[in-house]
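Novice: In order, the protein sequences belong to chains A and B.
Here this note's numbering is used: the first residue of the first sequence is 86, the next is one more, and so on.
Here this note's numbering is used: the first residue of the second sequence is 86, the next is one more, and so on.
Just so it is clear, CB atoms sit at the ideal spot from N, CA and C, and this is done for glycine as well.
All of these numbers come straight from a predicted model, not from anything done at the bench.
2 protein chains.
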Amino acid sequence: MAVTIKDVAKKAEVSTATVSLVINNHPAISEATRRRVLKTIEELGYHPRASARTLASRKTGNVGFILTEDHFSRSEPFYTKIFLGSEFEARDRNFYILLTTIPRDFDERQHAPRFLLERNVDALILAGKVPTSLLDYTQRFRLPTVLVDYWVPGYDLSAVLIDNINGAREAVAYLVQKGHRRIAFLGGDLQHPSIKERLQGYRLALAEHGIDVDESLVVADLPDTGFDDGEAGMRQLLDRQVPFTAVFAGNDAMAIGAMRILRERGVRIPDEVAVVGFDDTEAAALVTPPLTTVHVDKVELGAVALRCVVELAEAKRKRCHKILIPTRLVIRESSG
Amino acid sequence: MAVTIKDVAKKAEVSTATVSLVINNHPAISEATRRRVLKTIEELGYHPRASARTLASRKTGNVGFILTEDHFSRSEPFYTKIFLGSEFEARDRNFYILLTTIPRDFDERQHAPRFLLERNVDALILAGKVPTSLLDYTQRFRLPTVLVDYWVPGYDLSAVLIDNINGAREAVAYLVQKGHRRIAFLGGDLQHPSIKERLQGYRLALAEHGIDVDESLVVADLPDTGFDDGEAGMRQLLDRQVPFTAVFAGNDAMAIGAMRILRERGVRIPDEVAVVGFDDTEAAALVTPPLTTVHVDKVELGAVALRCVVELAEAKRKRCHKILIPTRLVIRESSG
DNA sequence: CAAAATTATTAAAACGTTTTAATAAAATAA
DNA sequence: TTATTTTATTAAAACGTTTTAATAATTTTG
Chain A
86 MAVTIKDVAK KAEVSTATVS LVINNHPAIS EATRRRVLKT IEELGYHPRA SARTLASRKT
146 GNVGFILTED HFSRSEPFYT KIFLGSEFEA RDRNFYILLT TIPRDFDERQ HAPRFLLERN
206 VDALILAGKV PTSLLDYTQR FRLPTVLVDY WVPGYDLSAV LIDNINGARE AVAYLVQKGH
266 RRIAFLGGDL QHPSIKERLQ GYRLALAEHG IDVDESLVVA DLPDTGFDDG EAGMRQLLDR
326 QVPFTAVFAG NDAMAIGAMR ILRERGVRIP DEVAVVGFDD TEAAALVTPP LTTVHVDKVE
386 LGAVALRCVV ELAEAKRKRC HKILIPTRLV IRESSG
Chain B
86 MAVTIKDVAK KAEVSTATVS LVINNHPAIS EATRRRVLKT IEELGYHPRA SARTLASRKT
146 GNVGFILTED HFSRSEPFYT KIFLGSEFEA RDRNFYILLT TIPRDFDERQ HAPRFLLERN
206 VDALILAGKV PTSLLDYTQR FRLPTVLVDY WVPGYDLSAV LIDNINGARE AVAYLVQKGH
266 RRIAFLGGDL QHPSIKERLQ GYRLALAEHG IDVDESLVVA DLPDTGFDDG EAGMRQLLDR
326 QVPFTAVFAG NDAMAIGAMR ILRERGVRIP DEVAVVGFDD TEAAALVTPP LTTVHVDKVE
386 LGAVALRCVV ELAEAKRKRC HKILIPTRLV IRESSG
């Protein structure tokens, strides 16, 4: 249970250098000795110590995964799923992920991730909206870095993103195709880049079908984008007294909030008003009626990010640029 | 950006040994030199390399977290939350978690976690039901180990568990107190240790209130414990034609499945039948009507497990035994 | 056949810490 | 005062790999 490279070298009658070269399958090793060494490794049950390898090679085999505390602790496991996607992919590639969170008001003197200081990662994934102070800081470590579900101009970083515009476009096109002409948009807070893009998609789809956007059907001045904001937004919309037959919400949480208010006011879903969300969270399938929504493959987002960052770390590629992950409309009962 | 212990030693005019002792705050260092060294460390922005420390000290500062693939990929993020609890606690203690999954039919020759072979963890958390073949295997590494939400006799392991019996007992007592006498139990698959305990709590509560258990109100012969099983179980129960005014389900997924069938058959909730679940998943608050359920603090489960296992690793304690995490009844509308 | 080129192997240094046993200096006891 | 104990510091070995430059052996070329 404590066999080292020396034991293997001795038993196989080669130098430790040779064993090392075999392990790292270096080409300059004859087939004969390679086989002999591999056999001894097998017999002895040898496995190189991670710490020794890292110390000598300066490669850790770890990827750092950073998200902000508020993303980490939100009840809907959106970023958790992204993390799991990365984790899953990491296993296939023999990498481990070190996860850490930072506060929204990141200060490098207080919150610097230990794995950066201790040189314990080869690459970095930053998930969700992160402060630029963090970006400035991590840049200094010159590690391959990929953003997930976030992008900022001015930092030449690769990013893996949801194709929000197209997702929204398809969802709205679907409503139009079902005969709806007066479709409301429930956006909550437009500061969120995703929500902004979804609004773009909404406008785009309407334009494509020759429908003018009625701005009184767009609600986008709420503090956030949660369940409560969906409720508030729908109240506001109903109070405006403008007719509409469908609502496209910026995400599922708001859609579900909106549905609750509609039910409270005795509006039948989908008969009187059709509702469509975005994200396809756990809850979407379970509410009554089940919510039609735009499916976002969170696991895939994380997986692609990991793949990208590992390829950068192994110098297999120089850049990943922006990668858009496609969405898929999931039709359930809330849209009729 | 590449300052080592030698640089600190040179600048502070001490040996590297002294610097090391200061870092690890060894008592045999005078206050004067300690301060001087700390000052130079600060000035130089020195941080010890994790790999070098690990190689020399044989302490990694990592905890391995193992769960089975099916637990990992279930849609309800139960074990994910436990993991996040551990992760959160780990950060406070300057530990990192290495997560990995193993298949249900674990075979050490194929699926041995790399972090074990490469000696990359100081301790182990095993979450959920894991095969005994895994337990047999991990035992050989002689690492401090804690089980979460699972326990097996015969392995002298510490465990952090949900207080299922009491949680179920309180839930059923609450229904009795609301006047219900004919309360069904929807158990799904009794193989699950948690479900078995919840059934025990159900029986206990009824006994405590002098109500005989009508076995025709207990459904426990379904393949699993998911949404589908809740549907199937409720159909079965209704087909039995025995009257009941309340259902206590073994978990939220089954409770929600049962609610759907009740609605389908035109049974009003909670007026005709009250429904109570267990776990307090994300969905519970979002379904219609919102589900009364027994809240399980998954994050706390993970946090306690980490605390326990770290204390074992740091030899601050020898055993943790079984730790029961209390539950809390969350009353919503599904129970009237 | 000798010279040159190629292939396979290894010695030894390096990676950056911790830790042990030894030592020097200071404090205390006799 | 000297002997003893205590306190603070350090030299040097150890941890287990990778990697570079050198060397030896083999093959190819002229």
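Is S100 of chain A helix, strand or coil by DSSP?
Specialist: coil
Novice: Give me whichever residues DSSP pairs with Y181 of chain A in a beta bridge.
Specialist: A:N147
Novice: Should V122 of chain A be labelled buried (16 or more other beta-carbon atoms within 10 Å of its own) or exposed?
Specialist: buried
Novice: Under a Cβ-count criterion, where at least 16 other Cβ atoms within 10 Å of its own Cβ denotes burial, should D356 of chain B be classed as buried or exposed?
Specialist: exposed
Novice: Against I167 of chain A, what residues of chain B qualify as contacts under a CB-to-CB distance less than 9 Å, listed in chain order?
Specialist: By Cβ distance, chain B contributes nothing, its closest Cβ being about 12 Å from I167 of chain A, past 9 Å.
Novice: If the cut-off is 8 Å on Cβ atoms, which residues from the segment 328-344 of chain A count as contacting chain B, listed in chain order?
Specialist: I341
Novice: Measure from the C-beta of Y181 of chain B to each C-beta in chain A and report whether the shortest distance is under 7 Å.
Specialist: yes
Novice: Quick one: does P411 of chain B have its CB under 7 Å from some CB of chain A?
Specialist: no
Novice: Answer yes or no: does any C-beta atom of chain A fall closer than 7 Å to that of S171 of chain B?
Specialist: no
Novice: Among A:P229, A:L219 and A:K91, which one has its Cα closest to the Cα of A77 of chain A?
Specialist: Because chain A here runs from 86 to 421, residue 77 of chain A falls outside it and cannot be looked at.
Novice: At a Cβ cut of 8 Å, what residues of the segment 89-118 of chain B count as close to chain A, listed as they run along the chain?
Specialist: Correct list: empty, as no residue qualifies.
Novice: Check whether the Cβ atoms of C274 of chain A and T217 of chain A sit closer than 7 Å, and answer yes or no.
Specialist: Before going further, note that residue 274 of chain A is Asp rather than Cys in the sequence given. Not in contact: D274 of chain A and T217 of chain A (Cβ atoms no closer than 7 Å).
Novice: When you compare each of A:R199, A:F150, A:A305 and A:H294 to V279 of chain A by their alpha carbons, which one comes out closest?
Specialist: Residue 279 of chain A is actually Ser in this sequence, not Val. Answer by Cα proximity: A:A305.
Novice: What's the gap between the Cα of I151 of chain B and the Cα of P328 of chain B?
Specialist: 44 Å
Novice: Does the beta-carbon of R254 of chain B have 16 or more other beta-carbons within 10 angstroms, so that it is buried, or is it exposed?
Specialist: buried
Novice: Write down every uninterrupted run of the beta strand (DSSP E) in the segment 313-371 of chain B whose length is 3 residues or greater and which is fully enclosed by it, in chain order.
Specialist: 331-334 and 359-364
Novice: Leaving out the 5 sequence neighbours to the left and right, which residues in its chain are closer than 7 Å to I126 of chain B when beta-carbon positions are compared?
Specialist: Non-local beta-carbon contacts of I126 of chain B in its own chain, meaning distances under 7 Å to residues more than five positions away in sequence, involve V93 in chain order.
Novice: Please list, in chain order, all residues of the same chain as R350 of chain A whose beta carbon is under 7 Å from its beta carbon, the five residues on each side excluded.
Specialist: Cβ neighbours of R350 of chain A within its own chain (closer than 7 Å, five residues either side excluded): L323.
Novice: Give the secondary structure of H380 of chain A by DSSP, where H, G and I count as helix, E and B as strand, and everything else as coil.
Specialist: strand
Novice: Can you pull the chain A neighbours of P229 of chain B, defined as C-beta to C-beta under 9 Å?
Specialist: Chain A residues near P229 of chain B: none, gap ~16 Å exceeds 9 Å.
Novice: Using DSSP's beta-bridge definition, name the partner residues of A244 of chain B.
Specialist: B:L232 and B:K407
Novice: Could you tell me whether the Cβ atoms of I187 of chain A and T153 of chain A are closer together than 7 Å?
Specialist: Between I187 of chain A and T153 of chain A, the C-beta gap is smaller than 7 Å, which places the two residues in contact.
Novice: Compare the C-alpha of V384 of chain B against each of B:P133, B:S142, B:I250 and B:E174 and name the closest.
Specialist: B:E174
Novice: Exposed or buried, what is V358 of chain B when buried is set at 16 or more other beta-carbons lying within 10 Å of its beta-carbon?
Specialist: buried
Novice: Could you check whether the Cβ of V506 of chain B sits closer than 7 Å to any Cβ belonging to chain A?
Specialist: The structure shown does not extend to residue 506 of chain B, since chain B is modelled only from 86 through 421, so no value can be given for it.
Novice: Name the chain B residues whose beta carbon is nearer than 7 Å to that of S160 of chain A?
Specialist: E367
Novice: Please report whether the beta-carbon of R134 of chain A lies at a distance below 7 Å from any beta-carbon of chain B.
Specialist: yes
Novice: Are the beta-carbon atoms of E300 of chain B and G342 of chain B separated by less than 7 Å?
Specialist: no
Novice: Can you give me the C-alpha to C-alpha distance between E367 of chain B and D337 of chain A, rounded to a whole angstrom?
Specialist: 13 Å
Novice: Between V352 of chain B and chain A, is the shortest Cβ-Cβ distance under 7 Å, so that the two count as touching?
Specialist: Residue-level contact by beta carbon fails for V352 of chain B and chain A, as no gap is shorter than 7 Å.
Novice: In chain A, what lies closer than 7 Å to N205 of chain B by C-beta?
Specialist: A135
Novice: Thinking N462 of chain A and A135 of chain B are a contact (beta carbons under 8 Å), I'd like their distance in whole angstroms, please.
Specialist: Since the first residue shown for chain A is 86 and the last is 421, residue 462 of chain A is missing from the structure and cannot be characterised.
Novice: Put D309 of chain A into one of helix, strand or coil per three-state DSSP.
Specialist: In this structure, D309 of chain A counts as coil in the three-state DSSP scheme.
Novice: Which of the three DSSP states, helix, strand or coil, is assigned to A212 of chain B?
Specialist: strand
Novice: Distance check for T103 of chain B and P238 of chain B, CA to CA, integer angstroms please.
Specialist: When the Cα atoms are used, P238 of chain B and T103 of chain B turn out to be separated by approximately 48 Å.
Novice: By the 10 Å Cβ neighbour count, where 16 or more other Cβ atoms means buried, how is H111 of chain B classified, buried or exposed?
Specialist: exposed
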